[in-house]
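Asker: Have a look at this one before I ask anything.
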Amino acid sequence: MKKHLIIATSILATLAAIAQQPIPASPKKKSILLYGGTVHTATGKVIENGEIGIRDGKIILVSDQDTSHTSLTTTYSNSQTTQVSTTNSGLTKTEKSEHKKIYSSKEYDTVIDCTGKQIYPGFIDPDCSLGLVESGAVRATTDVADIGALNPELRTLTTYNTDSKITPVVRINGILTAQIAPQGGLISGTSSIMSLDGWNWEDACYKADDGVHMNWPVLYSRVQLNPDQIGGFAPNKNYDKQIQLLQKFFSDAQAYAKQKTHAETNVKFEAMKGVFDGSKPLYIYASFAKEILASVTFAKNFSIPKIVLVGGLDSWMVTDFLKQNNIPVILTRVHSQPAMTDDDIDQPYKTPAILQNAGILFCLENDGDQEENASRNLPFMAGTAITFGLTPEQGLDAITSNTAKILGINNSLGSIEVGKDATLFVSDGDALDMRTNIISLAFIKGKKIQLTSVQTALYHEYMQKYGLK
Amino acid sequence: MKKILSLLTFSSSLLTICEAQQTLPVNGTHDIRHSCYAFTHANIFEDYNTALTNATLLVKDGQVIDIGVGVAIPSDAVIYDCHGKTIYPSFIDLFSSYGMQPLKPQPRTGAPQMKSATAGAFGWNQAVKSQTDAEQLFHCSPADAPSYRAIGFGAALSSQHDGIVQGAYTLVTFADTVDNEAILAGKAAAGYSFSKGISTQDYPSSLMGSIGLIRQTYLDAEWYKNAKHKTEVNLSLEAFNQLQSLPQLFIVNDKLSALRADKIAREFKVKYIIKGGGDEYQLLDEIKNTGRDFIIPLNFPDKPDVQDPYDAGMVDLSSLLNWELAPLNPGALEKAGVNFALTADGLKDKSAFLANLRKAVKYGLSTSGALKALTYNPAAMMGMQGEIGSLKKGMLADFIITSGDIFKQGTCIYSNWIKGCPYQVNDTTNSDMRGTYALTVDNIAYTLLIGGDVNTQTATVVDDKKHNIPGFFHLANPMLTISFRPFGDTLHPIRLNGLISADNKTINGTGTNGLKQIQWKANLTTAYTDTTPETPLHIPSLNEVRYPFSAYGRTKSELDSIQKASKEVVIRNATVWTGEKDSVLLNTDVYLKDGVISAVGKNLSVAKDATVIDGTGKYLTAGIIDEHSHIAVTDGVNEGAEACSAEVRIGDALNSEDICIYRSLAGGVVACQVLHGSANPIGGQSGIIKLRWGMTPEQLKIQYAVPFIKFALGENVKQANWGDVFTVRYPQTRMGVEQFYYDEFTRAKEYEATWNAYAKLAKSKDSPDAPRRDLQLETLAQILDGKRFITCHSYVQSEINMLMHVADSFHFHFNTFTHGLEAYKVADKIAARNIGVSCFSDWWAYKMEVMEAIPYNATICTKMGIVTAINSDDDEMQRRLNQEAAKSVKYGGLGEQQCWRMVTINPAKLLHLDEHTGSIKVGKDADVVLWSGNPLSVYSKAEKTFVDGVCLYDIQNDAAMRTDIASVKASIINQLVSEVKPKAKQVKK
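Protein chains in written order, with the numbering used here: chain G, 1417 to 1885; chain E, 36 to 1024.
Take a look at the structure:
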């Protein structure tokens, strides 16, 4: 039976390679032990030679193999274990799993030797458009922004495309969860948090309708001052009008939320209820310092319980304000140009460290051009942030545990801790450095996912064609 | 009739006197006057350099008939006593649209417009308006003329200033007369610019396109002129040729474009007078070296808004510095020996002209220089110095009468005379009554203070309780009116009228307090003295100018000291990645001398004064070269209106002040190919530059670089993602792209054959006309001859394969597929032809044709033996190309040295620069980078970047510059906010 299953799996894997799309992981309950690797828990702790037990999709054990389970080594050597071996592409080449009792108090279907490897909690990409945009230039494949200025009722959940060819490419770099956020207008809609694996959006949903996204009107926009100049900033003439629009909308929506019954149901206001009762954070997109000050004050004036600043280009200028108001930040692309010519040339690189040192809860995101396909570079932005002042642990937190806290999913995700979902992966080396982010094994909620994609399939196809190794 | 007149207030009836046009019918009786006017006892500037004291100016029939001290005054002359007054030749503005109808731009539809919308036998491009004749568009504007006359101008060179070739400008006066009289020179000058103005035609859509169009127009006009057998009538070219005998004006808005105009002038051996942007002081040596005449505006920058600390963050250092330094511009040009004229153009409010002129004088412009720039120079630039600009015998009687030295604050212009006709500017009939008076009104004593400007005198009444009561004051010689409200008495305002005594010292009259008639008088007790303290002026210095004029620019002295420290540099004991066969050298010294790598080895002995840098624990590599960059370009990287734009050159539009240059240096980049965009199948010529931050555009260019051109394939060139209206330009399919290439190359081949045949002909009178020089075909012919190389934006395999076949069939070597995202699918074919690939590390999916782009592309190509480079195509990514190269370790497992070559020696090879740069080898350019750690690691930083041996980025120097930027900005902002000039000058560290 077991044998058959293995063969069946490998056939499926082959089929997947041909189809160029990985097949979602099997829902079968399993128990797995990873041992021997360096565990980056994202709780500030790094466990050398650690071990992680997984059962029913949850982490049931996280420990230091040397100190707490000295007998393990012997036990392992007697069992048929799996050695993770990888090709340069990060694909798992061989993996055999055998049933065997290997530990006095626990049973694991699969035991995997991760010696020399690095184990991380799955990275989380907040505010992204995976599954909403397949190819930015092809209008038929984009579903990220609708018409109208005030659309809190729009939900990304049901549009999220689990069959996107991009998602498998992104998760190969360790991004296993994402907040799928709408764009456009003043209020873009309602996001959902998705696991990057699943047959359909119901499967993939991690947290439905988690928050409402508001684009604060810009005070300035970039303009070409005259043909011979590079450009500058001009004030937004419609700023006041747009603020009035929001003011009215929030006032009416709040009044609606207070009503016990409604003469007429307003789907927009229905979608805002959670913002006022605190069940959904209000994600405020604001860049420049004055926009941040104005937008947070606006939300505070409506007594909105959960406010998250997104973008926050100038957040480093207003750290006292953010700290006093306890506002977390989903920080705009680290790999960006400074906004102004005079800015410190490494300003975007060092903003994370400034926020960290100011004691502000923040995480990194990858908004902007090609954000859906470039999501795969999120870990390297954390790497850059480390080069410019974060500790390696803080850098990791900025794409895992901090993100989970800000998105309100930290009870079950974001770190390698007992009781949390086993959404994690094994990398050949430092996963925040592009040279060594080579991922051989990844689990989403304890299910091993296939690390293949259109890209790996094409790679192998043509390596084969040319007879290359 | 009274012999001695004060200067009259002139009514409109005087207009007719000034109209001497003989063909004009007269409605009424003729009133022809040939009076002689004598302006006596005046200080007169006969010209900018010759001041006469107590002199006389004689004017008759609109001309100066004599000038000098002791000139005999004809007995019938009307005499104006100008005692205490000064007479200057009136000013001439060479950049004006006075009397022109405003342009009526046609709205653009959004759809492409490939042909000119101008009907008629004109040239193909709507922006070449050589046929425009401002003379025919001119109409006197009594509404606008006073604003020019009020600031001293008597004549102007006027045009609508529209288009790239703007046609003929006309020289006119500001007289209120018939148009026929106002025109001094019908076709006075020809004008050019880089802006296509209201032309609705798509081409040109970029600065480099404008330059391409100008160059081709010069060539076409020459060809048209010389053709014995004209094959077409081209009114634009005919007009263009006629314009060439006139003074030539080229309009630019900034210093770099001034240099661009100069380059065109040199190529076509024309003498441009350049109308500049007022920022010439920022690049003074180069401006001076053009040797051109300039027309300079006095529209100094408005005060930047810095009151709000956050908004102040939107104002950059260059704006602040420009605000501080721009008034130095005229004086700096004068000292540099640049010949220039001043214009009132660009002032939102013309009345600010005199204030700015005086400011320029305070900032170092000599008064004779200022006067010259307003009178003689503009006249001479127009070849009219014998008629206007001075007040010599026989010249036009165009002059202004002022209350004194025009360059002193408070001096006013009384009247502006144009061709002997007076126009009043300020009321000269009124006396200067300013002073302190003992005022008695109905036996109550007050003190009366008359102050203000001489033209706008004001009154304040002080009562015995020292209450200052502002009063109404109106002067109308010989009477004046004062009214005021006694303190505490709102019911009985006092209104007074009085007569001024001949000596201006007493006023007597009657008035009323509402109840009764009252008597009053005022006796001068203290004469007026200007007590307003002259605010001590902080005059900044040109030493504050940064090169480039931007944050992170360096002052001249800083640049000098960097150059000095870079003469000989040794980096000691570093891990050296050579990029050569030896790859990695541990604990090695590298010696940089006079811009080249002079030695590589251990424990090198060095000159005493060499700069020694400890490289222990650090990595030294060749600098990064970006094969595909779009930084440092002004106004457009695409000239995409036409399918072929081979005539345009990125090198014409380089912007040496782009901050991306400095930021890229900080990422270890030393050189890049600045490419035309991918809007059309045949793009423009590349600019291959080193990142010589602080140098001029021409100095950025690598002298030994071979010519390149950008081609492009796929969705961009067939405009697939441009919007629904972009279905006009051929080609719209990949099929069309192929045939477009065949056609263009075939034509280029035939073009070359035609020229070769022509060259072989013995020239005689009867020999056939020379072929037309075509900048596009000439460029394409260079490709066929192997003298120019192609780098082609390419995605899918079919089109890559197609283009290789096109090259094969025309027997030239194809150089590089840039992007080449599906190169991996035809890597064997590319390798077989020895073609290079320059790709992104991992971009994909953003459009249909990149759905099968894979990050393993570079790896497969490398393994197939293709010279492969990783490029950025993006200013942000350009400063992290080391990280992009590192991705091939991950994607496909390339070795670190192979990865590193993809951003150094490989792009150098693709660009044919590898003999000079791209690796660490004795004799090569000292383009090297010192890294804090392994350069492929995300955790490493470039610490020093050397270009030609000069350390242009240094992480410590960068920190110092940040401090400097902050302190200079703070200092200028303090000036702006407090209006109090700082006591000490900003001292730079």
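Beta carbons are placed, not taken as given, at the ideal position from N, Cα and C, and that holds for glycine.
(1) Take every Cβ of the region 844-861 of chain E, pair it with every Cβ of the region 1522-1542 of chain G, and state whether three or more of those distances are shorter than 8 Å.
(2) Specify, as a first and last residue, the run of the alpha helix (DSSP H) that F852/E falls within.
(3) Looking at the strands, I want to know which residues DSSP matches up with G533/E.
(4) In this structure, how does DSSP classify V396/E when only helix, strand and coil are distinguished?
(5) If you check the beta carbons only, do L1030/E and S691/E fall under 7 Å apart?
(6) Can you give me the C-alpha to C-alpha distance between T1852/G and Y1765/G, rounded to a whole angstrom?
(7) Per DSSP, which residues does L748/E bridge with? Please list them.
(8) Could you tell me which of N1741/G, D1736/G, P1697/G sits nearest to T1713/G, measuring between CA atoms?
(9) Per the DSSP calculation, V94/E is bridged to which residue(s)?
(10) Is the region 223-233 of chain E close to the region 202-215 of chain E, with three or more CB pairs under 8 Å?
(11) Could you work out which residue in S1869/G, E1809/G, G1824/G, Y1875/G is closest to T1459/G when comparing CA atoms only?
(12) What residues from chain G crowd round P137/E, counting only those whose CB sits closer than 9 Å?
(13) Take every Cβ of the region 1624-1640 of chain G, pair it with every Cβ of the region 1698-1714 of chain G, and state whether three or more of those distances are shorter than 8 Å.
(14) Does any CB atom of chain G fall closer than 7 Å to the CB of M149/E?
(15) Just to check my reading of the structure: P1568/G and Q1866/G have Cβ atoms closer than 8 Å, yes? What is that Cβ distance to the nearest angstrom?
(16) Give a single yes or no on whether I535/E has its beta carbon closer than 6 Å to a heavy atom of the ligand GTP.
(17) Name the chain E residues that come within less than 8 Å of Y1882/G, Cβ to Cβ?
(18) When you compare the region 847-854 of chain E with the region 719-733 of chain E, are there three or more beta-carbon pairs, one atom per stretch, that lie closer than 8 Å?
(19) When DSSP labels each residue in this structure, what does C707/E get in the three-state scheme?
(20) Counting only the same chain and skipping the five closest in sequence on each side, list residues whose C-beta sits under 8 Å from that of S70/E.
(21) Could you work out which residues of chain G lie near P890/E, taking near to mean beta carbons separated by less than 8 Å?
(22) Between the alpha carbons of L19/E and L515/E, how many angstroms are there, rounded?
(23) Starting from the Cα of A1565/G, find the closest Cα among I1476/G, L1777/G, L1661/G and give me that residue.
(24) Nearest chain G C-beta to K1024/E closer than 7 Å, yes or no?
(25) Quick one: does Q918/E have its CB under 7 Å from some CB of chain G?
(26) If we count the other Cβ atoms within 10 Å of its Cβ and call it buried at 16 or more, is T1872/G buried or exposed?
(27) Between the region 1647-1668 of chain G and chain E, which residues of the former have a C-beta closer than 7 Å to a C-beta of the latter?
(28) I want to verify the contact list: residues of chain G whose CB lies under 8 Å from the CB of A921/E, in sequence order.
(29) Quick check: what's the CA-CA separation for L1777/G versus V1745/G?
(30) Go ahead and pull the three-state DSSP assignment for I448/E.
(31) Along the region 1730-1764 of chain G, where does the CB come closer than 7 Å to a CB of chain E? Name the residues.
(32) Along chain G, which residues have their Cβ under 7 Å away from the Cβ of W3/E?
(33) If you run the structure through DSSP and keep just helix, strand and coil, what is C1544/G?
(34) With 7 Å set as the bound, which would you pick, yes or no: does the beta-carbon of Q1786/G sit closer than that to a beta-carbon of chain E?
(35) Report the partner residues of A224/E according to the DSSP bridge assignment.
(36) Would you please verify whether the beta carbon of V113/E is less than 7 Å from any beta carbon of chain G?
Answerer: So, from the data block:
(1) Touching, no, given that fewer than three Cβ pairs across the two stretches are closer than 8 Å.
(2) Looking at the DSSP string, F852/E is not in any alpha helix (DSSP H); the run it does join, the beta strand (DSSP E), is 851-854.
(3) Looking at the DSSP output, G533/E bridges to L515/E, G544/E.
(4) Per DSSP, reduced to three states, the secondary structure at V396/E is helical.
(5) With chain E covering 36 to 1024 only, the question about residue 1030/E has no answer from this structure.
(6) Using only the alpha carbons, I get a separation of about 21 Å.
(7) Bridge partners of L748/E: none, in fact.
(8) Considering only alpha carbons, the answer is N1741/G.
(9) Per DSSP, the beta-bridge partners of V94/E are Y72/E, V99/E.
(10) At 8 Å Cβ cutoff, the stretches touch.
(11) Ranked by how close their Cα comes to the Cα of T1459/G, the residues S1869/G, E1809/G, G1824/G, Y1875/G have E1809/G in first place.
(12) Within 9 Å of the CB of P137/E, no CB atom of chain G is found; the nearest one sits about 19 Å away.
(13) Yes, the region 1624-1640 of chain G is in contact with the region 1698-1714 of chain G.
(14) Against chain G, the CB of M149/E has no partner CB under 7 Å away; the residue lies outside that interface.
(15) With 8 Å as the limit, P1568/G and Q1866/G do not qualify as a contact, their Cβ atoms being about 36 Å apart.
(16) Ligands are entirely absent from the displayed structure, and the ligand GTP is therefore not among its contents.
(17) The answer, in chain order, is A862, D863, I895, K898, M899.
(18) Flag = no, the region 847-854 of chain E and the region 719-733 of chain E do not touch.
(19) Strand, per DSSP.
(20) Cβ within range, chain order: K95, D111, A112, V113.
(21) Q1871, listed in chain order.
(22) The structure shown does not extend to residue 19/E, since chain E is modelled only from 36 to 1024, so the question has no answer here.
(23) Nearest C-alpha to A1565/G: L1661/G.
(24) Here the model assigns K1024/E a pLDDT of 36, short of 50, so the residue's position is not dependable and the matter cannot be decided.
(25) Taking Cβ atoms only, chain G reaches closer than 7 Å to Q918/E, which makes this a yes.
(26) The residue in question, T1872/G, is buried, as its Cβ has 16 or more Cβ neighbours within 10 Å.
(27) Against chain E - using a Cβ distance shorter than 7 Å - the residues of the region 1647-1668 of chain G are F1649.
(28) Think of a sphere of 8 Å around the beta carbon of A921/E: the chain G residues whose beta carbon falls inside it are D1849, M1850, R1851, in chain order.
(29) Spanning the two alpha carbons is a distance of roughly 6 Å.
(30) Three-state DSSP puts I448/E in a strand.
(31) Taking 7 Å as the Cβ-Cβ cut-off against chain E, the residues of the region 1730-1764 of chain G that qualify are H1751, S1752, Q1753, M1756, T1757, D1758, D1760, I1761.
(32) Past the boundaries of the shown model lies residue 3/E; chain E is included only from 36 to 1024, so the question cannot be answered.
(33) The three-state secondary structure of C1544/G, taken from DSSP, is strand.
(34) Yes, Q1786/G lies at the interface with chain E (some Cβ there is under 7 Å from its Cβ).
(35) Beta-bridge annotation (DSSP): A224/E is paired with Y204/E.
(36) At a cut-off of 7 Å between C-beta atoms, V113/E does not count as an interface residue with respect to chain G.
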